[in-house]
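Q: So that we are looking at the same thing, I have put the structure below in structure tokens.
Protein chains: 2
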Amino acid sequence: MRIGTVADRSGVTAKTIRYYEDIGVLDVASRSPNGYRDYPEEVLQRLAFVRSAQAVGLTLAEIRKVIASREKGQAPCDHVLTLVERRSADLDRRISELHQLRGELDALVKRGRSLNPEDCSAAQVCHIIPSVGSPS
Amino acid sequence: MRIGTVADRSGVTAKTIRYYEDIGVLDVASRSPNGYRDYPEEVLQRLAFVRSAQAVGLTLAEIRKVIASREKGQAPCDHVLTLVERRSADLDRRISELHQLRGELDALVKRGRSLNPEDCSAAQVCHIIPSVGSPS
DNA sequence: TTGCACCTTCCTCTGCACTGGAAGGTCAAG
DNA sequence: CTTGACCTTCCAGTGCAGAGGAAGGTGCAA
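Line order of the protein sequences matches chains D and X.
Once you know that position 23 of the first sequence is 202 in our numbering, the rest is easy, because the numbers rise by one and skip nothing.
Once you know that position 14 of the second sequence is 193 in our numbering, the rest is easy, because the numbers rise by one and skip nothing.
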């Protein structure tokens with residue numbers, strides 16, 4: 180299967196497929212006599228895995244390691260579970276940070292609507308944005 | 180005031196201050212006879228504004244524009260309010276995306292813990308990560 | 001044979017906000 | 001007079017995941 184066909188059937192561009200080969204996320208492809216990359220059917224599953232793993236939030240570097248351990252004949256499931264759990268914890272932190280920020284922005288907007296631009300001094304640039312640590 | 184003093188008093192590195200000048204977030208600094216940058220006291224307020232605006236989620240490009248309009252003698256408050264409202268809406272979207280993902284990861288972890296690594300086929304790399312669109 | 005689609009490699013660019021380092025100038029203290 | 005702290009400019013690199021494009025080879029149809 181040529182690279183364009185893989186691209187069409189996987190939804191991943193040819194550029195990206197070559198890039199994945201470069202960084203070790205895909206095996207180095209075998210070549211047809213003309214020098215074109217020639218892929219087996221299984222590459223589609225591999226690419227599907229990569230997409231899914233990305234959707235879960237794993238980086239290509241992490242995915243590469245998972246695939247490498249798979250290729251060494253190990254089931255990388257424990258490692259993957261750790262990765263996913265860590266990502267999940269990251270997400271929790273991130274969500275609560277954003278929640279916090281969201282609340283602050285909301286207060287800013289409410290207050291901002293009631294302020295008169297005429298009252299805004301040049302030194303502070305804009306009085307809607309409060310100084311860090313000391314809301315004006 | 181020399182750049183190092185500004186750095187010490189603002190908590191922003193000298194490197195960053197020069198960078199801000201490059202991209203137009205700070206005015207081009209006047210120079211002492213020896214060629215060193217020489218800052219007026221007000222630069223501290225300006226830097227405080229930049230920090231606060233960043234904390235609110237504005238990019239340096241947005242901040243630059245806000246400051247530019249301030250320097251043209253306009254009160255940029257309306258513009259700032261628009262920016263903050265947009266950012267707030269972005270945040271809402273982002274938070275709900277993350278919430279969604281969080282739920283999916285949670286399900287993944289739960290299911291993953293009950294799966295046996297031995298049952299995991301090489302073709303799918305790791306059965307904890309489901310194929311996009313068709314959880315295994 | 002010409003045209004066109006497709007393939008190859010290699011190199012650069014993107015966004016964002018900086019950071020690091022080299023090579024050299026300046027200034028005050030010891 | 002030297003040491004060391006500070007300043008200057010300019011160039012390159014960071015992380016992440018590719019995208020863009022040039023120059024040249026290949027394959028197939030009209």
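Where a beta carbon is used, it is the ideal one built from N, C-alpha and C, also for glycine.
None of these values were measured; they are calculated from a predicted model.
Would you say D:Glu264 lies against chain X (beta-carbon separation less than 8 Å)?
A: Taking the first sequence and counting its residues from 1, the one referred to as residue 264 of chain D is at position 85. Closer than 8 Å to some Cβ of chain X, the Cβ of D:Glu264 qualifies, so yes.
Q: Closer than 8 Å, Cβ to Cβ, to anything on chain X: give me those residues from the stretch 216-236 of chain D, in chain order.
A: Result list: Glu221, Gln224, Arg225, Ala227, Phe228, Arg230, Ser231, Ala232, Ala234, Val235 and Gly236.
Q: Leaving aside the five residues before and after X:Cys299 along the sequence, list all residues of the same chain whose C-beta is less than 7 Å from its C-beta, in chain order.
A: Mapped onto the second sequence, residue 299 of chain X falls at position 120. Within the same chain, X:Cys299 has close Cβ partners Cys305 and His306.
Q: Rounded to a whole number of angstroms, what is the C-alpha to C-alpha distance between D:Ile274 and D:Arg210?
A: Translated into the one-based positions of the first sequence, residue 274 of chain D becomes position 95. Translated into the one-based positions of the first sequence, residue 210 of chain D becomes position 31. Going by the C-alpha atoms only, they are around 46 Å apart.
Q: Return the chain-ordered ranges of every alpha helix (DSSP H) run that is complete within the stretch 204-242 of chain D and spans a minimum of 4 residues.
A: Within the stretch 204-242 of chain D, the complete alpha helix (DSSP H) runs of at least 4 residues are 222-234.
Q: Going along chain X in order, which residues have a C-beta closer than 8 Å to the C-beta of D:Arg292?
A: Counting from one through the first sequence, the residue named residue 292 of chain D turns up at place 113. Result: Leu260.
Q: So, is X:Val204 buried or exposed, given that buried needs 16 or more other C-beta atoms within 10 angstroms?
A: Here residue 204 of chain X refers to the residue found at position 25 when the second sequence is read from its first residue. Its Cβ being crowded by 16 or more others within 10 Å, X:Val204 is buried.
Q: Name, please, each residue of chain X whose Cβ falls closer than 8 Å to the Cβ of D:Leu284.
A: Position 105 of the first sequence, counting from 1, holds the residue named residue 284 of chain D. Chain X residues near D:Leu284: Val235, Gly236, Val263, Arg266, Ser267 and Leu270.
Q: Checking contacts by CB at 8 Å: is D:Ile196 closer than that to chain X?
A: The count along the first sequence starts at 1 and reaches residue 196 of chain D at position 17. No, because no Cβ of chain X sits closer than 8 Å to the Cβ of D:Ile196.
Q: Please check the pair X:Val259 and X:Leu226, which I expect to be a contact at CB under 8 Å, by giving their CB distance rounded to whole angstroms.
A: Position 80 of the second sequence holds residue 259 of chain X. Position 47 of the second sequence holds residue 226 of chain X. Not really, about 17 Å apart at Cβ, beyond 8 Å.
Q: Let me confirm a value: D:Ser266 is counted as buried when at least 16 other C-beta atoms fall within 10 Å, else exposed. Which label applies?
A: In the first sequence, residue 266 of chain D corresponds to position 87, counting from 1. Note on identity: in this sequence residue 266 of chain D is Arg, with Ser being the wrong assignment. By the neighbour-count rule (16 or more Cβ atoms within 10 Å), D:Arg266 is buried.
Q: Classify X:Ser293: buried if its beta carbon has 16 or more other beta carbons within 10 angstroms, exposed otherwise.
A: Position 114 of the second sequence holds residue 293 of chain X. By the neighbour-count rule (16 or more Cβ atoms within 10 Å), X:Ser293 is not buried but exposed.
Q: Alpha carbon to alpha carbon, how far is D:Val245 from D:Ser189? Give it in angstroms, no decimals.
A: Locating residue 189 of chain D in the first sequence gives position 10, counting from the first residue. Locating residue 245 of chain D in the first sequence gives position 66, counting from the first residue. One C-alpha to the other measures close to 20 Å.
Q: What residues in the stretch 242-259 of chain X have a beta carbon less than 7 Å from any beta carbon of chain D?
A: Listed in sequence order: Val245, Ile246, Arg249, Ala254, Pro255, Cys256, Asp257 and Val259.
Q: Which bits of chain X does D:Leu277 rub up against, with CB to CB less than 8 Å?
A: Position 98 of the first sequence, counted from the start, is the residue given in the question as residue 277 of chain D. Within 8 Å Cβ-Cβ: Leu270, Arg273, Ile274 and Leu277.
Q: Do you know how far the Cα of X:Arg243 is from the Cα of D:Gln303?
A: Counted from its first residue, the first sequence places residue 303 of chain D at position 124. Counted from its first residue, the second sequence places residue 243 of chain X at position 64. Approximately 14 Å between the Cα atoms of the pair.
Q: Closer than 8 Å, CB to CB, is D:Ile202 near chain X or not?
A: Indexing the first sequence from 1 puts residue 202 of chain D at position 23. Not closer than 8 Å to any Cβ of chain X, the Cβ of D:Ile202 fails to qualify, so no.
Q: Taking the continuous alpha helix (DSSP H) assigned at D:Val304, which residues delimit it?
A: Taking the first residue of the first sequence as position 1, residue 304 of chain D is located at position 125. Segment: none, D:Val304 is in no alpha helix (DSSP H) and carries neither H nor E.
Q: Between the C-alpha atoms of X:Gly282 and D:Asp206, what's the straight-line distance to the nearest angstrom?
A: Here residue 282 of chain X refers to the residue found at position 103 when the second sequence is read from its first residue. Here residue 206 of chain D refers to the residue found at position 27 when the first sequence is read from its first residue. C-alpha separation (whole angstroms): 33 Å.
Q: Using a cut-off of 9 Å between C-beta atoms, extract the partners of D:Ala301 located in chain X.
A: For this step, residue 301 of chain D is matched to residue 122 along the first sequence. Those are Arg249, Glu250, Gly252 and Ala254, listed as they occur along chain X.
Q: Buried or exposed for X:Ala268, please, with buried defined as at least 16 other CB atoms from any protein chain shown within 10 angstroms of its CB.
A: As a position in the second sequence, residue 268 of chain X is number 89, starting the count at 1. Counting Cβ neighbours within 10 Å, X:Ala268 comes out exposed, since fewer than 16 surround it.
Q: Could you work out which residues of chain X lie near D:Arg281, taking near to mean beta carbons separated by less than 8 Å?
A: The count along the first sequence starts at 1 and reaches residue 281 of chain D at position 102. The answer, in chain order, is Ser267, Leu270, Asp271 and Ile274.
Q: At which residues does the alpha helix (DSSP H) containing D:Lys194 begin and terminate?
A: As a working mapping, residue 194 of chain D is identified with position 15 in the first sequence. Unbroken alpha helix (DSSP H) run through D:Lys194: Ala193 to Ile202.
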